[in-house]
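Residue numbers (the numbering used here), protein chains in the order written: chain B, 743 to 965; chain A, 6 to 250.
From the three backbone atoms N, C-alpha and C, an ideal C-beta is built for every residue, glycine too.
The block underneath contains the structure these notes are about, expressed in structure tokens.
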């Protein structure tokens, strides 16, 4: 699996032709290359227009190798999507855990997310906007990735006085607000401005838990 | 598909408006030579739009083929291409229909004399009810349209803007005076949308009405504060409870 969302294109490749690397190392590297290629190609061409041939060409592997790893384009894309989501969630969680108070934890997690997305706008668009075009299975993966953030948002209930009496779907909705604001920005082609969205995202995260007055104070107090 | 009034919706630019009620009531047979031609075309068009929505609900817009649309509608490919340029054109027309109906219902609920909270709650309840009774269109409008080409996205986005401006009226009479960001209304709508889409994807479209208390809370809390938004949410909960029986 890709190590981190921040790692860039130029990955080490095993030399072509005869070499002595163990086969499992080669297979692992091929799989990684393929997943990265899938994200890149789909982000560029759109899911519908992408063919298996595009993927094998970009990854520098044969069709046989492709079909040994994945049943079809969709299976490959879903695996690629999962690795992108995994890297993003890990990055958010790491930043979040480094802080103490929940509003600060939320701020750090959101900042890490925005930073990661701004680094790779094409991947960001794919992850949050175009994923819908890849069919129902991809949409469910997207939802599943969002839901992995639920425990981080649910801590808002412990932090907020009266947090337990908030509606059952509060954290789902707060996550949806954050994802929606980011997707709006990406759809406008404004990926480079993502980091400036932090105050809006923080407000949207905090407001259902602590109300508008306290949320505005938290947003303003730390800038 | 059994004939049922829930599969029908008004076409925005119906050629024969007085026949609208008849069409809503009953699905017309595929070919009836004694029917006036505009009515046959109207009905064919509507059936095609419905099966587009149904197919989107089942396998997504990307995987939908012309055959998926023609077969359940009981029309030939030739008829399809007489009425629509291509798949995208058909999808766009289906989206227009869905949007026209949604906006029509919301406009019917809207009144400048109503208190803001009442209007937001009524609009949310109406919208949820519409989605719950039209699962194919719900799926198409909220799940497929945002990622099915620019034209469909524009329609989806314009619908969202209407809801947003409706919601942002809350800013005119602020109960709690503080600096809430200008994106608060858009964020609240995205929150509600995300919850709805999650339920649609989970196959719970028929039960969308149960989300009303959650949606009332999230759309009102930035403007009215927690206490009042919770009160409104609980009131909405009481209102939908007896209707379930």
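Beta-carbon contacts of residue i that lie in its chain and below 7 Å, excluding the five residues immediately before and after
i, result
"residue 234 of chain A", "222, 225, 226"
"residue 781 of chain B", "822, 826, 865, 868"
"residue 876 of chain B", "789, 819"
Within chain B, the residues that residue i reaches when beta carbons sit closer than 9 Å
i, result
"residue 198 of chain A", "918, 922"
"residue 68 of chain A", "877, 878"
"residue 148 of chain A", "874, 878, 881"
Reference residue i; option with closest CA among the options
i, options, result
"residue 914 of chain B", "B/800, B/891, B/769", "B/891"
"residue 56 of chain A", "A/133, A/139, A/242", "A/139"
"residue 844 of chain B", "B/929, B/866, B/936, B/899", "B/899"
"residue 846 of chain B", "B/926, B/931, B/897", "B/897"
"residue 894 of chain B", "B/842, B/801, B/784, B/767", "B/842"
"residue 195 of chain A", "B/931, B/912, B/793", "B/912"
"residue 322 of chain A", "A/64, A/75, A/68, A/170", "What is shown of chain A runs 6 to 250, which leaves residue 322 of chain A out entirely."
"residue 150 of chain A", "A/184, A/96, A/124, A/118", "A/96"
"residue 953 of chain B", "B/936, B/783, B/856, B/904", "B/904"
"residue 216 of chain A", "A/87, A/185, A/241", "A/241"
"residue 909 of chain B", "A/114, A/79, A/220, A/107", "A/220"
"residue 90 of chain A", "A/77, A/79, A/71", "A/71"
"residue 859 of chain B", "B/762, B/812, B/938, B/805", "B/938"
"residue 166 of chain A", "A/152, A/157, A/190, A/154", "A/190"
"residue 133 of chain A", "A/201, A/48, A/236", "A/201"
"residue 883 of chain B", "A/203, A/169, A/53", "A/203"
"residue 861 of chain B", "B/840, B/886, B/833, B/878", "B/833"
"residue 791 of chain B", "A/154, A/158, A/174, A/173", "A/154"
"residue 218 of chain A", "A/186, A/208, A/128, A/147", "A/128"
"residue 776 of chain B", "B/863, B/943, B/795", "B/795"
"residue 885 of chain B", "B/831, B/784, B/786", "B/831"
"residue 214 of chain A", "A/231, A/243, A/236", "A/243"
"residue 98 of chain A", "A/156, A/67, A/172, A/60", "A/156"
"residue 955 of chain B", "A/212, A/232, A/206", "A/232"
"residue 1 of chain A", "A/110, A/118, A/53", "For chain A, the structure presents residues 6 to 250; residue 1 of chain A sits outside this window and is missing."
"residue 174 of chain A", "A/118, A/162, A/80, A/245", "A/118"
Neighbourhood of residue i by C-beta, 6 Å cutoff - its chain only, sequence neighbours within 5 removed
i, result
"residue 957 of chain B", "945, 948, 949"
"residue 104 of chain A", "160, 164"
"residue 963 of chain B", "none"
"residue 87 of chain A", "none"
"residue 941 of chain B", "961"
"residue 73 of chain A", "60"
"residue 237 of chain A", "122, 221, 225"
"residue 723 of chain B", "Only positions 743 to 965 of chain B appear in this structure, which leaves residue 723 of chain B out of reach."
Distance between beta carbons of residue j and residue i, contact taken as under 8 Å
i, j, result
"residue 961 of chain B", "residue 852 of chain B", "That belief does not hold up - the Cβ atoms of residue 961 of chain B and residue 852 of chain B are roughly 11 Å apart, past 8 Å."
"residue 838 of chain B", "residue 829 of chain B", "Incorrect: roughly 15 Å between the Cβ atoms, too far for contact."
"residue 229 of chain A", "residue 122 of chain A", "7 Å"
"residue 936 of chain B", "residue 870 of chain B", "In fact, because the Cβ distance is near 11 Å, the residues do not count as touching under 8 Å."
"residue 144 of chain A", "residue 78 of chain A", "About 17 Å; that fails the 8 Å criterion."
"residue 773 of chain B", "residue 811 of chain B", "6 Å"
"residue 878 of chain B", "residue 208 of chain A", "Contact flag wrong, Cβ pair sits at about 11 Å."
"residue 142 of chain A", "residue 58 of chain A", "5 Å"
"residue 198 of chain A", "residue 147 of chain A", "7 Å"
"residue 116 of chain A", "residue 108 of chain A", "Rounded, the Cβ-Cβ distance is 15 Å, inconsistent with contact."
Closer than 7 Å at the beta carbon, the chain B residues around residue i
i, result
"residue 231 of chain A", "953"
"residue 223 of chain A", "915, 950"
"residue 227 of chain A", "949, 954"
"residue 203 of chain A", "885, 914"
Beta-carbon proximity list for residue i, same chain, < 8 Å, skipping 5 on both sides
i, result
"residue 880 of chain B", "789, 816, 819, 820, 823, 873, 874"
"residue 918 of chain B", "888"
"residue 927 of chain B", "933, 935, 936, 939"
"residue 814 of chain B", "794"
"residue 210 of chain A", "136, 137, 140, 143, 144, 204"
Residues that residue i contacts on chain B, provided the C-beta gap is smaller than 8 Å
i, result
"residue 74 of chain A", "Near residue 74 of chain A there are no residues of chain B at all, since even the closest Cβ is about 17 Å away, more than 8 Å."
"residue 77 of chain A", "Within 8 Å Cβ-Cβ: nothing; residue 77 of chain A doesn't reach chain B, min ~19 Å."
"residue 238 of chain A", "909"
Neighbour list for residue i in chain A, Cβ cutoff strictly below 7 Å
i, result
"residue 946 of chain B", "192"
"residue 882 of chain B", "206"
"residue 941 of chain B", "186"
"residue 790 of chain B", "67"
Partners in chain A for residue i, counting only beta-carbon separations shorter than 8 Å
i, result
"residue 910 of chain B", "219"
"residue 872 of chain B", "152"
"residue 926 of chain B", "191, 195"
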